[in-house]
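Take a look at the structure below.
There are 2 protein chains.
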Amino acid sequence: MSREAAFIQSLRAIARHPAARNLDDDCAVLELGSETLILTHDMMVEGTHYLPTATHGADMADVAWKLVATNLSDLAAKGAQPLGVLVGHMLGTGDDRFAEGLAEVLARYDVPLLGGDTVSGSGPKSHGLTAIGRATHTPVPARSGARPGDAVWVTGTLGRAMLGYEALRNGTAADSSAYRRPVPLLAEGRALAPRVTAMMDVSDGLLLDAFRMAQASGVAIALDSASVPLAAPSRPLDCMTWGDDYELLFTLPPDTSPPVPATRIGIVEPQGFAPLFLDGEPLVNPEGLGYAHNS
Amino acid sequence: MSREAAFIQSLRAIARHPAARNLDDDCAVLELGSETLILTHDMMVEGTHYLPTATHGADMADVAWKLVATNLSDLAAKGAQPLGVLVGHMLGTGDDRFAEGLAEVLARYDVPLLGGDTVSGSGPKSHGLTAIGRATHTPVPARSGARPGDAVWVTGTLGRAMLGYEALRNGTAADSSAYRRPVPLLAEGRALAPRVTAMMDVSDGLLLDAFRMAQASGVAIALDSASVPLAAPSRPLDCMTWGDDYELLFTLPPDTSPPVPATRIGIVEPQGFAPLFLDGEPLVNPEGLGYAHNS
């Protein structure tokens with residue numbers, strides 16, 4: 001067991017409140033009075049989650065955008081309406097650009113900045129963001145609701161963030177915005193929430209995230225790679241494992257159509273000897289299926 | 001203007017929602033249905049907020065305790081009941097102790113762990129914590145409610161964290177727990193909330209925090225140093241500027257007694273040429289009054 005897996009295991013032993021969902025989901029789901037709160041927190045670290053400012057000149061406005069957008073994507077997967085964010089920021093080069101990117105993304109999605117903390121530190125910078133939302137539909141969609149017979153759907157095209165990253169890394173003229181400025185699918189998530197049996201965002205790669213959905217639901221998911229919309233059709237496995245696309249992966253009862261543009265990419269089957277099948281081939285081990293680090 | 005002050009100023013321009021309280025308060029206060037949410041986020045950075053693990057052998061259980069306790073102290077100053085926390089943790093030496101300290105402090109105050117994020121990084125570690133609470137009394141106490149004629153009160157004894165830090169740094173046998181394991185005054189804050197005109201926790205030093213309360217309230221605060229309970233009576237200024245004590249500083253209408261043990265240390269006067277007077281001497285400049293960095 002990796003150091004991270006061991007640590008998360010010890011946190012699970014603490015997080016016994018049902019709102020924590022055993023730390024298996026993207027968000028906490030907390031009942032409060034007549035409302036249901038949706039809470040999520042993600043960190044980004046220089047050199048781990050973004051190219052270092054000093055050596056690669058990462059635009060801190062993009063870092064702020066992505067920090068907010070990835071957390072809003074977690075809310076989107078719950079069909080939640082964002083209520084606000086709290087930001088934890090380590091001061092450093094590009095603070096003015098960070099503030100500009102923060103202002104941009106919050107204005108774009110009409111989300112209030114509620115508070116946070118600013119700290120000094122040496123070494124690589126880190127940044128935390130907490131997003132708070134309210135459920136627009138209960139029961140709140142979870143990863144764990146997929147049922148045999150359901151169809152598996154995904155929004156958008158996979159691999160766009162990968163191509164954007166490669167453009168940025170290689171300094172080509174190609175558009176890198178899909179990597180730098182992901183779009184949280186808030187409206188789509190809200191439209192889907194009342195209909196889906198399970199939903200999550202594709203943050204760590206389609207195969208790994210589908211694997212996790214199957215495990216959480218106690219089913220098998222069978223994907224048909226030929227039907228998956230790919231940004232780089234010649235590199236299907238890269239597109240399905242790279243992650244960072246923030247599309248929505250969801251299951252619907254058979255004969256139900258999604259209320260938003262999406263592609264049917266597979267079916268849910270009873271639990272078998274593997275959680276995931278790709279074109280009939282069983283995938284037993286999550287290692288190598290995606291960006292496991294960020295789980 | 002320092003880099004931090006400039007950055008916070010640019011955040012204030014974004015944080016226009018009334019729940020953010022212009023980023024002048026310890027917490028955001030967000031109305032939601034019939035409830036009022038109290039939200040706060042603080043970060044701790046190795047080498048800035050705690051002695052480095054490698055060179056000083058900081059016990060990561062203490063770091064986890066303090067990370068939670070300082071955020072719960074912010075909730076205490078609002079009279080809030082904690083609903084849960086989200087933790088952002090950078091992996092490193094002492095993760096097992098961090099998890100143990102987290103379990104201890106959350107069990108001690110009966111607060112659920114709701115979720116969070118675990119990341120890898122190089123260099124000094126950083127940790128973020130978001131605490132969510134619900135108001136037990138509205139209007140929620142703010143820093144800004146002190147009125148001329150009110151009395152100024154503080155719980156406990158100031159300077160205990162300073163003595164604890166010195167014991168730890170110097171490796172003496174003296175008790176360092178006040179520094180390592182501060183106690184959030186949740187019950188006291190709840191008892192006080194319906195009676196106070198203003199309240200905050202003393203995180204950055206009595207003088208600096210009283211200065212801020214006076215500024216936020218548009219009044220002057222006159223403190224009588226002889227009445228301030230000091231852990232090191234021979235070093236009154238050190239005790240009143242060092243911070244980290246997490247006592248509650250509050251104002252009450254004249255002739256009102258506090259419902260918890262506390263000491264009357266001064267009075268509120270109309271706004272004059274200084275926000276703060278210590279034994280009649282005006283203190284105009286917040287620099288040097290306390291631990292401004294952590295604001």
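So the sequences go chain by chain: A and B.
Residues in the first sequence are numbered consecutively from 1, following the UniProt record's numbering.
Residues in the second sequence are numbered consecutively from 1, following the UniProt record's numbering.
No residue lacks a Cβ here, since even glycine has one placed at the ideal position from N, Cα and C.
Do A:D204 and A:G243 have their CB atoms nearer than 8 Å? As a first step, residue 204 of chain A is located in the first sequence; it is residue number 204 there, counting from the start. As a first step, residue 243 of chain A is located in the first sequence; it is residue number 243 there, counting from the start. Against a cut-off of 8 Å, the Cβ pair of A:G243 and A:D204 comes out as a contact.
Short-range partners of chain B found in the stretch 221-248 of chain A, where Cβ spacing is below 8 Å: none
Residue range of the unbroken alpha helix (DSSP H) whose run includes B:R108: Position 108 of the second sequence, counted from the start, is the residue given in the question as residue 108 of chain B. D95 to R108 is the span of the alpha helix (DSSP H), which, as asked, contains B:R108.
Beta-carbon within less than 7 Å of A:E100's beta-carbon, same chain only, minus the 5 sequence neighbours each way: which residues are those? Translated into the one-based positions of the first sequence, residue 100 of chain A becomes position 100. Result list for A:E100: A61, in chain order.
Tell me whether A:G188 is buried or exposed, calling it buried when 16 or more other Cβ atoms sit within 10 Å of its Cβ. Against the first sequence, residue 188 of chain A aligns to sequence position 188. Residue identity differs from the one stated: residue 188 of chain A is Glu in this sequence, not Gly. That one is buried.
For chain B, find out if any of its Cβ atoms is closer than 8 Å to the Cβ of A:M200; answer yes or no. Along the first sequence, read from residue 1 onward, the residue named residue 200 of chain A stands at position 200. Not closer than 8 Å to any Cβ of chain B, the Cβ of A:M200 fails to qualify, so no.
Secondary structure at B:D42, three-state DSSP: helix, strand or coil? Translated into positions along the second sequence, residue 42 of chain B becomes position 42. Three-state result, B:D42: strand.
So if DSSP puts A:H17 in a beta bridge, which residue, or which two residues, is it bridged to? Taking the first sequence and counting its residues from 1, the one referred to as residue 17 of chain A is at position 17. According to DSSP, A:H17 bridges with nothing at all.
Between A:L283 and A:M240, how many whole angstroms is the CB-CB distance? I'm expecting something under 8 Å. As a first step, residue 283 of chain A must be located in the first sequence, where it is residue number 283. As a first step, residue 240 of chain A must be located in the first sequence, where it is residue number 240. The Cβ separation is near 11 Å, so there is no contact.
The beta strand (DSSP E) spanning A:L248 covers which residue range? One-based indexing of the first sequence puts residue 248 of chain A at position 248. Counting along the chain, the beta strand (DSSP E) containing A:L248 begins and ends at E247 to L252.
Using the C-alpha atoms, what's the distance from A:H127 back to B:S225? For the purposes of this step, residue 225 of chain B is taken as residue 225 along the second sequence, with counting starting at 1. For the purposes of this step, residue 127 of chain A is taken as residue 127 along the first sequence, with counting starting at 1. Going from the Cα of B:S225 to the Cα of A:H127 covers about 40 Å.
Could you give the first and the last residue of the continuous beta strand (DSSP E) run that contains A:F277? In the first sequence, residue 277 of chain A corresponds to position 277, counting from 1. Unbroken beta strand (DSSP E) run through A:F277: L276 to L278.
Same chain only: Cβ atoms within 8 Å of A:Y50, ignoring 5 sequence neighbours per side: Translated into positions along the first sequence, residue 50 of chain A becomes position 50. Same-chain partners within the cutoff: M44, A58, D62, V63 and K66.
Nearest chain A C-beta to B:P112 closer than 8 Å, yes or no? Within the second sequence, numbered from 1, the residue matching residue 112 of chain B stands at position 112. True, the Cβ-Cβ gap to chain A drops below 8 Å.
Proximity test, Cβ basis, 8 Å: A:S10 and chain B: As a first step, residue 10 of chain A is located in the first sequence; it is residue number 10 there, counting from the start. Yes - at least one Cβ of chain B is within 8 Å of the one on A:S10.
So A:I265 contacts chain B; which residues on that side make the cut at Cβ distance below 7 Å? On the first sequence, residue 265 of chain A is found 265 positions in, with the first residue counted as 1. Within 7 Å Cβ-Cβ: nothing; A:I265 doesn't reach chain B, min ~28 Å.
Given this structure, state the Cα-to-Cα distance separating B:A231 from B:Y179, to the nearest angstrom. For the purposes of this step, residue 231 of chain B is taken as the residue at position 231 of the second sequence. For the purposes of this step, residue 179 of chain B is taken as the residue at position 179 of the second sequence. So the two alpha carbons sit approximately 13 Å from each other.
Evaluate B:N170 with the Cβ neighbour count: other Cβ atoms within 10 Å of its Cβ, from every protein chain shown; 16 or more gives buried, anything less gives exposed. Taking the second sequence and counting its residues from 1, one reaches residue 170 of chain B at position 170. The residue is exposed, with fewer than 16 neighbouring Cβ atoms inside 10 Å.
Near B:K125, what residues of its chain come up, given a Cβ to Cβ distance below 6 Å and the 5 sequence neighbours on each side ignored? As a working mapping, residue 125 of chain B is identified with position 125 in the second sequence. Closer than 6 Å at the Cβ level, and outside the excluded window around B:K125, lie E46, M90 and G92.
Output, in chain order, the set of chain A residues within a Cβ distance shorter than 8 Å of B:L86. Residue numbering aside, residue 86 of chain B sits at position 86 when the second sequence is read from its first letter. Simply A28, L39, T40, H41 and T130.
Does B:Q271 come out as helix, strand or coil in the three-state DSSP assignment? The count along the second sequence starts at 1 and reaches residue 271 of chain B at position 271. If DSSP states are grouped into helix, strand and coil, B:Q271 belongs with coil.
Give me the residue from A:I8, A:A151 and A:L86 with the minimum Cα distance to B:L11. By one-based count along the second sequence, residue 11 of chain B stands at place 11. For the residues A:I8, A:A151 and A:L86, the minimum Cα distance to B:L11 belongs to A:L86.
Should the stretch 100-116 of chain B be regarded as contacting the stretch 2-20 of chain A, the criterion being three or more beta carbon pairs within less than 8 Å? yes
Against chain B, with Cβ distances strictly below 8 Å, would A:H17 count as a contact? Indexing the first sequence from 1 puts residue 17 of chain A at position 17. A:H17 counts as touching chain B.
Given this structure, state the Cα-to-Cα distance separating A:V119 from B:S217, to the nearest angstrom. Position 119 of the first sequence, counted from the start, is the residue given in the question as residue 119 of chain A. Position 217 of the second sequence, counted from the start, is the residue given in the question as residue 217 of chain B. If I take the Cα positions, the gap works out to 26 Å.
Beta bridge counterpart(s) of A:W153 as assigned by DSSP: Here the question's residue 153 of chain A lines up with position 153 in the first sequence. Bridge partners of A:W153: A:F250 and A:R264.
What residue ranges within the UniProt domain "PurM-like C-terminal" (147-254) of chain A form continuous alpha helix (DSSP H) runs of no fewer than 4 residues, ordered along the chain? 160-170, 177-180, 186-192, 206-217 and 236-241
Amino acids of chain A, ordered along the chain, whose beta-carbon sits closer than 8 Å to that of B:P124: What you label residue 124 of chain B is simply residue 124 of the second sequence in a count that begins at 1. Result: G121, S122 and G123.
Flag A:S34 as yes if its beta-carbon sits less than 8 Å from any beta-carbon of chain B, otherwise no. Within the first sequence, residue 34 of chain A is the residue found at index 34, counting from 1. Chain B, which has a Cβ nearer than 8 Å to the Cβ of A:S34, makes this yes.
List the residues of chain B that A:E4 touches, going by C-beta distances under 8 Å, in chain order. On the first sequence, residue 4 of chain A is found 4 positions in, with the first residue counted as 1. L91, T118 and S120, listed in chain order.
Since I believe A:I38 is in contact with A:A135 (beta carbons under 8 Å), could you give me their beta-carbon distance rounded to a whole number of angstroms? The residue labelled residue 135 of chain A in the question sits at position 135 within the first sequence. The residue labelled residue 38 of chain A in the question sits at position 38 within the first sequence. Sure, about 6 Å apart at Cβ, within 8 Å.
The beta strand (DSSP E) with B:D117 in it runs from where to where? Along the second sequence, one-based indexing puts residue 117 of chain B at 117. Note, B:D117: beta strand (DSSP E), L113 to V119.
Which of helix, strand or coil DSSP assigns to A:L77: Here residue 77 of chain A refers to the residue found at position 77 of the first sequence. With the sequence shown as reference, residue 77 of chain A is identified as Ala, and Leu is not the correct amino acid for it. Looking at A:A77 - three-state DSSP - the assignment turns out to be coil, as it is neither helix nor strand.
Same chain, Cβ closer than 6 Å to B:D279, five either side skipped, listed in chain order: By 1-based counting over the second sequence, the position of residue 279 of chain B is 279. Counting only Cβ-Cβ distances below 6 Å, and skipping sequence neighbours, we find S225.
Beta-carbon of B:T251 versus every beta-carbon of chain A: anything under 8 Å? In the second sequence, counting from the first residue as 1, residue 251 of chain B sits at position 251. Chain A, which has no Cβ nearer than 8 Å to the Cβ of B:T251, makes this no.
Between A:T263 and A:P236, is the Cβ-Cβ spacing less than 8 Å? Your numbering for residue 263 of chain A matches position 263 in the first sequence. Your numbering for residue 236 of chain A matches position 236 in the first sequence. Result no, Cβ atoms of A:T263 and A:P236 do not sit closer than 8 Å.
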